[in-house]
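**Student:** The structure is given below, and queries will be raised subsequently.
Residue numbers (our numbering): 1063 to 1141.
Dropping the structure here:
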């Protein structure tokens, strides 16, 4: 009976150590996943902002060019 109890104690101790060993792995996985998601979202936001800025700059440049061309053409026709 003593040996059986001792084996049970060893088994429980081993299970406890297994659980303790698994928890840090889960924590590491969670930290890695959260980090990847945060980095992905941050990159997506940066890319979105860059695209919006580029589109706005292109639109402004096109509008300025059109206005300049119209003004030059109107000036030419006035003379």
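Heads up, the beta-carbon is just placed ideally off N, CA and C, and yes, glycines get one too. Just so you know, these numbers come straight off a predicted model, no measurement behind them.
Taking just the CA atoms, how far does residue 1100 sit from residue 1137?
**Tutor:** The residue given as residue 1137 occupies position 75 in the chain shown. The residue given as residue 1100 occupies position 38 in the chain shown. Roughly 55 Å between the two C-alpha positions.
**Student:** Only counting the same chain, and skipping five residues up and downstream in sequence, which positions put a Cβ closer than 8 Å to that of residue 1112?
**Tutor:** Position 50 of the chain shown holds residue 1112. Once the five neighbours on either side are set aside, residue 1112 has no close Cβ partner at all.
**Student:** Given a threshold of 16 other Cβ atoms within 10 Å of its Cβ, counted over all protein chains shown, does residue 1063 qualify as buried or as exposed?
**Tutor:** Taking the first residue of the chain shown as 1, we reach residue 1063 at position 1. Caution is warranted here: a pLDDT of 44 is assigned to residue 1063, below 50, making its placement in the model unreliable, and no coordinate value can be reported.
**Student:** I'd like the list of long-range same chain contacts for residue 1125, defined as Cβ closer than 6 Å, with 5 residues on each side in sequence excluded.
**Tutor:** Residue mapping note: residue 1125 aligns to position 63 of the chain shown, counting from 1. Counting only Cβ-Cβ distances below 6 Å, and skipping sequence neighbours, we find nothing.
**Student:** At the level of alpha carbons, what is the spacing between residue 1135 and residue 1127?
**Tutor:** As a position in the chain shown, residue 1135 is number 73, starting the count at 1. As a position in the chain shown, residue 1127 is number 65, starting the count at 1. Each residue's alpha carbon lies about 12 Å from the other.
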